[in-house]
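Residue numbers (UniProt numbering): 1 to 153.
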């Protein structure tokens, strides 16, 4: 199998992404499909697709627990100039431990570097090593940062 990384919205299975995030991702449990679709529509999607060696760009598997298909997703929220937020990073459980998450993080870093974005941020509870491996660092002065929580935050 070969993993292909893409920013093409047509490569994202939105129903599957919603199921993964709303049912299994600690930060998005219970998120509505409408909210999820709106979030993806207003972001740069990042997707990892596993294809049989020699497969074309159309893929061949359904990505629903079988080998192949969509195996990881993420979103970049950005102004495409000064700031980006990497979020909703999810790797299908049976694809974990194979470097796909690290590959998706590298792909995300390549995208923001190509845009010339000055600062890219993310929040993670358990994958600091993955992101450090592609250049993310802890905040120098976390006390300078604040958040404005919205409804349901």
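Backbone N, C-alpha and C fix where the C-beta goes; we use that ideal spot for every residue, glycine too.
Quantities reported herein were computed from a predicted structural model and do not represent experimental measurements.
Cβ neighbours of residue i in the same chain (closer than 7 Å, five flanking residues each side left out)
i, result
"residue 152", "none"
"residue 139", "145"
Residue i, buried or exposed, once every other Cβ within 10 Å from all chains shown has been counted against 16
i, result
"residue 147", "exposed"
"residue 30", "exposed"
"residue 95", "buried"
"residue 11", "buried"
Straight-line gap, residue i to residue j (C-alpha atoms, nearest Å)
i, j, result
"residue 111", "residue 120", "11 Å"
"residue 116", "residue 81", "6 Å"
"residue 173", "residue 114", "Because the chain in this structure spans residues 1 to 153, residue 173 falls outside the shown range and cannot be described."
"residue 91", "residue 149", "26 Å"
"residue 86", "residue 124", "10 Å"
"residue 134", "residue 76", "16 Å"
"residue 98", "residue 36", "27 Å"
"residue 143", "residue 137", "15 Å"
"residue 6", "residue 13", "12 Å"
"residue 38", "residue 52", "31 Å"
"residue 74", "residue 103", "12 Å"
"residue 126", "residue 141", "21 Å"
"residue 9", "residue 101", "19 Å"
"residue 40", "residue 122", "16 Å"
Residues of its chain near residue i, where Cβ-Cβ distance is below 6 Å and the 5 sequence neighbours each way are ignored
i, result
"residue 33", "18"
"residue 128", "none"
Closest Cα partner of residue i within the set the options
i, options, result
"residue 155", "68, 141 and 109", "Absent from the model: residue 155. The displayed extent of the chain is 1 to 153, so no value can be given."
"residue 105", "78, 131 and 8", "131"
"residue 4", "89, 50, 128 and 102", "50"
"residue 79", "103, 52 and 42", "42"
"residue 109", "27, 44, 70 and 141", "44"
Within 8 Å, strictly: CB atoms of residue i and residue j
i, j, result
"residue 48", "residue 72", "yes"
"residue 28", "residue 21", "yes"
Other residues of its chain near residue i: CB distance less than 8 Å, five sequence neighbours each side excluded
i, result
"residue 25", "88 and 90"
"residue 107", "5, 46 and 48"
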